[in-house]
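A.B. asks:
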Amino acid sequence: MKCYNYNLNNKNLENVINFEKFKDKKNILVQIFCGNNHKVFKKINSYIQKKLPQATIIGATTDGEIIEDKVTTLNSIISISIFDKTSLVSDFSTLEDSFKNGKELATKLIKEDTKLLILFTDGIKMNAEEFLNGISSVNNKVKICGGMAGDNSEFIQTFISCQNKILKFGSVGVALNSKELKVYNDYRFNWSAIGVEHTLDKVIGNRVYSISGMNPIDFYARYLGTDVAKNLPSTGIEFPLIIKDEFLNTARAVIKKHKDGSLSFAGNLKEGDIVKLGFGNAEMIMQNPIKKLKKSLEKINPEAFFLFSCMARRRYMPNFIQIEIEPFSTIAPTSGFFTYAEFFHKKNENKLLNQTLTIIALSENTKEKTIYIKKKNSKKNSEYARTVKALTHLIEQSSKDYDKQTKKLHKQKSYSNSLLLSQKQFLRHAVHETNTPLSVIMGNIELYEMQYGKNAYISNIEVAMKNIFSIYDDLTYLIKKDQLDNSKIKIDFVDYIRSRIDFFSQVALQVKSNFIFNFTHKDMPMFFNESKLQRIVDNNLTNAIKYTFENEDIFINLSKENSDYILSISSHSCVIQNPKKIFEEYYREEKNQKGFGLGLNLVKRVCDEENILIDVVSNKDITCFTYKFKGVANEDIIA
């Protein structure tokens, strides 16, 4: 096998290529990598077809070209490979369904001894992942390479070719059939994930409609700035979404922006995918790729390299991208182009990649060869290169530190959540188990009073039990709040307060207090949730009993103003120092009083949910809690 690469550089083909040297050759593969316009591409195809009618010809428009140790743009490269022990078959497909397109092309190309498929598709309309799935449906063992055509980051129209056919849409390919041909493939990613994880909320195929609750364009604007978002897709190709894969990290670059704010990517995504934004790791990109590939390449003894690299790599590091291209040309003739997505094969699976450099090494030589890595002594842009490397290293290390801290916080959060869940579970069981003994005690008190009458001991037990029942009701409400029936029923406010006063009157007598209940209307009906109303009334009555001075009465007033009911509970007690803080969870001003500090917090929650206004007045003469039930006094109910 021999490979010859030609750089047209705006010159005429006849002045660059001596076609006479190939006229007697049989197995000729010609690859055209064209960064010029459609007319130039068509002219090159026609001329080569005329000069080498026996050749197998495929081509693609590009976003940059690779020839030996150089990277070019707006140029055309011709790669001519002569095989001794390999036959070639080329074909194309223009089916609109991407999966069927790949299936049809694979059916036409793949033979029993096919070692490699070189595949090019258009770079705009084709769903390349579905295309590769179509290839796999026919045969998932044959290695593939190639990529999606480019149009110099215009994202308007790309072209591909097969023999004398120039296609705007579809796919072209060539099969390399041989028992002798050795094929080695590899790739370099060197794109790092950075920042927080995001979830893809709505996805159809390769089109994303929502990312972490955000419009995709707004997502890019938020994290990369409005300039990047405005100039998508050309700017976004350098900052793809990165998804962790079973075998390798996969990037998905933007290829199209839609008017509804959605974005199409070069490859499918799934709802629920966890992604991060990516950036090019310049420090890794500038490392010699041959170092890691050396042993594998020595076994194959390459006679040609075909490189298919993402356009983002060239655009991200235009001054240094040839650093990762140069080492290949020191071993064997090297050519390729910068794509809109790359095709790769690993472990019987065809993969669509973005941001990568994919490498194909070919050889019909049976001997192995020692490869010597040459050191580059060029000092050109060395200071700038060091700066770029340093900044990249800073970003990479900061990202690692951030990830480490995030994992630590997640672990702590998980532990805290576990503790809270255990606490809630314990409370749920404790409250459930408390209900039965409380009911038994109260039942036995009532039986005892029926048989023997009341005495001081039984009265004390009964008062204590009512306090426990009040706490029990609060805990039950807290634990089962989300499962409780929130429906509202018709309640007579006057009768309801009177019933709760009766329940706690004996408790009040224990501290030598009396309830004085005043109301402006005999009947004050409303629709309200009874469990929520009990939280407000019971907590205020028990608090008044706790904090009212001995031998002082507790006044409960209920009045009506238009469609509002106003409930106030007042007494003479210690002055509240922080009226705003008493509704906070676990806050208690008087530490010597028993309780959890949860009652008024529960009251505040209910009032917020039901649009009830709260007012607290506390001075040396009076402490008064007032609750304004807005709009609950419906005239139709009263009538």
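End of the sequence shown = 659 in the numbering used here, gap-free, step of one. Just so you know, even glycine gets a beta-carbon here, dropped at the ideal spot from N, CA and C.
1) Report the option in C54, I52 and I68 whose CA atom is closest to the CA atom of E40.
2) Say yes only if the C-beta of N475 is nearer than 7 angstroms to one or more non-hydrogen atoms of the ligand FAD, and no if none qualify.
3) Quick one: what's got a C-beta closer than 8 angstroms to K296's C-beta in the same chain, skipping five residues either side?
4) Please tell me whether L382 and L289 are closer than 8 angstroms, where the distance is taken between their beta carbons.
5) S329 by DSSP, collapsed to three states: which one?
6) Does the distance from the CB of K99 to the CB of Q177 come in under 8 angstroms?
7) How is M234 classed by DSSP in three states: helix, strand or coil?
8) From what residue to what residue does the beta strand (DSSP E) around S107 run?
9) Kindly identify the DSSP beta-bridge partner or partners of A381.
10) So, helix, strand or coil for V623, using DSSP?
11) Do you know how far the Cα of T255 is from the Cα of D584?
12) If you reduce the DSSP assignment to three classes, tell me which class K46 lands in.
13) Based on the DSSP output, what are the partners of E581 in its beta bridges?
14) Assuming the contact rule is C-beta atoms closer than 8 angstroms, M470 and V514 should be a hit. Round their C-beta distance to whole Å, please.
15) Quick one: what does DSSP say S284 is sitting in, helix, strand or coil?
16) Just to confirm, are F524 and L467 a CB contact at a threshold of 8 angstroms?
17) Quick one: residues in its chain with C-beta nearer than 8 angstroms to the C-beta of N269, no 5 flanking neighbours on either side, listed in chain order?
18) Which stretch, first to last residue, makes up the alpha helix (DSSP H) that contains N65?
19) Quick check on DSSP: helix, strand or coil for D167?
20) Mapping DSSP to helix, strand and coil, what is S590?
21) Out of F299, G55, Q307 and E344, point me to the one whose CA is closest to A332's CA.
22) Indicate whether E384 and F103 have their beta-carbon atoms separated by less than 8 angstroms.
23) Can you list, in chain order, the residues of its chain whose CB lies under 8 angstroms from that of I481, leaving out five sequence neighbours each side?
24) Measure the C-alpha to C-alpha separation of V162 and I224 and round it to an integer number of angstroms.
25) Would F325 be called buried (16 or more neighbouring beta carbons within 10 Å of its own) or exposed?
26) Check for me: the alpha helix (DSSP H) holding T246 runs from which residue to which?
27) Any idea if L49 is buried or exposed, counting beta-carbon neighbours within 10 angstroms, 16 or more meaning buried?
28) So, does the region 354-369 touch the region 107-118, judging by three or more C-beta pairs under 8 angstroms?
29) Can you tell me which of the three DSSP states T359 falls into?
30) Roughly how many whole angstroms lie between the Cα atoms of K624 and S284?
31) Could you check what DSSP says for M470 in three-state terms: helix, strand or coil?
32) If contacts are defined as beta-carbon pairs under 8 angstroms, then G287 and E149 qualify, I think. What distance do you get, rounded to the angstrom?
33) For D104, which of helix, strand or coil comes out of DSSP?
34) Once you ignore the five residues that flank S507 on each side, which residues in its own chain have a CB closer than 8 angstroms to its CB?
35) Secondary structure at V216, three-state DSSP: helix, strand or coil?
36) So, for S173: in the same chain, excluding its five sequence neighbours on each side, which residues have a beta-carbon less than 8 angstroms away from its beta-carbon?
C.D. replies: Taking the structure as given:
1) On the sequence shown, position 20 is the one that residue 40 refers to. It is I68.
2) Among the ligands in the structure shown, none appear at all, so the ligand FAD cannot be discussed.
3) Numbered from 1 along the sequence shown, position 276 holds the residue referred to as residue 296. Within the same chain, A213, I214, G215, V216, E217, H218, L261 and I262 come within 8 angstroms of K296 by CB-CB distance, once the 5 residues on both sides are set aside.
4) Mapped onto the sequence shown, residue 382 falls at position 362. Mapped onto the sequence shown, residue 289 falls at position 269. Taking 8 angstroms as the Cβ cut-off, L382 and L289 do not qualify as a contacting pair.
5) As a position in the sequence shown, residue 329 is number 309, starting the count at 1. In the structure shown, S329 falls within a strand segment according to DSSP collapsed to helix, strand and coil.
6) Position 79 of the sequence shown, counting from 1, holds the residue named residue 99. Position 157 of the sequence shown, counting from 1, holds the residue named residue 177. It should be noted that the sequence gives Ser, not Lys, for residue 99. Cβ atoms of S99 and Q177: not closer than 8 angstroms.
7) Numbered from 1 along the sequence shown, position 214 holds the residue referred to as residue 234. If DSSP states are grouped into helix, strand and coil, M234 belongs with the strands.
8) Along the sequence shown, read from residue 1 onward, the residue named residue 107 stands at position 87. Element bounds for S107: S107 to S113.
9) The residue given as residue 381 occupies position 361 in the sequence shown. Per DSSP, the beta bridge partners of A381 are Y204 and F325.
10) Walking along the sequence shown from the start, residue 623 turns up at place 603. Helix at V623.
11) Translated into the one-based positions of the sequence shown, residue 584 becomes position 564. Translated into the one-based positions of the sequence shown, residue 255 becomes position 235. Between D584 and T255, the C-alpha separation is close to 60 angstroms.
12) Taking the first residue of the sequence shown as position 1, residue 46 is located at position 26. Coil.
13) Residue 581 sits at position 561 when you count from the first residue of the sequence shown. The partner list for E581 (beta bridge, DSSP) reads D584.
14) Reading the sequence shown from its first residue, position 450 is the one you call residue 470. Reading the sequence shown from its first residue, position 494 is the one you call residue 514. Taking 8 angstroms as the upper bound for CB-CB distance, M470 and V514 are not in contact here, some 30 angstroms apart.
15) Working through the sequence shown from its first residue, we reach residue 284 at position 264. Per DSSP, reduced to three states, the secondary structure at S284 is strand.
16) Here residue 524 is taken as the residue at index 504 of the sequence shown, counted from 1. Here residue 467 is taken as the residue at index 447 of the sequence shown, counted from 1. When the beta-carbon positions are compared, F524 and L467 stay at least 8 angstroms from each other.
17) Position 249 of the sequence shown holds residue 269. Beyond the five residues adjoining it in sequence on each side, N269 comes within less than 8 angstroms, by CB distance, of F209, W211, A213, I262 and I263 in the same chain, given in chain order.
18) On the sequence shown, position 45 is the one that residue 65 refers to. Element bounds for N65: H58 to K71.
19) Here residue 167 refers to the residue found at position 147 of the sequence shown. Position check: residue 167 holds Gly in this sequence, whereas Asp was assumed. Looking at G167 - three-state DSSP - the assignment turns out to be strand.
20) Position 570 of the sequence shown holds residue 590. DSSP places S590 in strand when its eight states are reduced to three.
21) Working through the sequence shown from its first residue, we reach residue 332 at position 312. Comparing Cα-Cα distances from A332 to each of F299, G55, Q307 and E344, the minimum goes to F299.
22) The count along the sequence shown starts at 1 and reaches residue 384 at position 364. The count along the sequence shown starts at 1 and reaches residue 103 at position 83. In this structure, F103 lies closer than 8 angstroms to E384 by Cβ.
23) As a first step, residue 481 must be located in the sequence shown, where it is residue number 461. Within the same chain, I481 has close Cβ partners I461 and I465.
24) In the sequence shown, counting from the first residue as 1, residue 162 sits at position 142. In the sequence shown, counting from the first residue as 1, residue 224 sits at position 204. Computed Cα separation, rounded: 29 angstroms.
25) Translated into the one-based positions of the sequence shown, residue 325 becomes position 305. Result: buried.
26) Counted from its first residue, the sequence shown places residue 246 at position 226. In the DSSP assignment, T246 falls within the unbroken alpha helix (DSSP H) covering T246 to K250.
27) Position 29 of the sequence shown, counted from the start, is the residue given in the question as residue 49. L49 is buried by the Cβ-count criterion.
28) Look at the beta carbons and you see the region 354-369 not touching the region 107-118: under three pairs across the two are nearer than 8 angstroms.
29) Working through the sequence shown from its first residue, we reach residue 359 at position 339. Residue state, collapsed to three classes: strand.
30) Stepping through the sequence shown from its first residue, residue 624 is reached at position 604. Stepping through the sequence shown from its first residue, residue 284 is reached at position 264. So the two alpha carbons sit approximately 48 angstroms from each other.
31) Mapped onto the sequence shown, residue 470 falls at position 450. Helix at M470.
32) What you label residue 287 is simply residue 267 of the sequence shown in a count that begins at 1. What you label residue 149 is simply residue 129 of the sequence shown in a count that begins at 1. About 5 angstroms separates the beta carbon of G287 from that of E149, a gap short enough to meet the 8 angstroms contact definition.
33) Residue mapping note: residue 104 aligns to position 84 of the sequence shown, counting from 1. D104: coil per DSSP, three-state reduction.
34) As a first step, residue 507 is located in the sequence shown; it is residue number 487 there, counting from the start. Closer than 8 angstroms at the Cβ level, and outside the excluded window around S507, lie N549.
35) For this step, residue 216 is matched to residue 196 along the sequence shown. It is a strand residue.
36) Counted from its first residue, the sequence shown places residue 173 at position 153. Within the same chain, S173 has close Cβ partners D83, S254, I257, M331 and R335.
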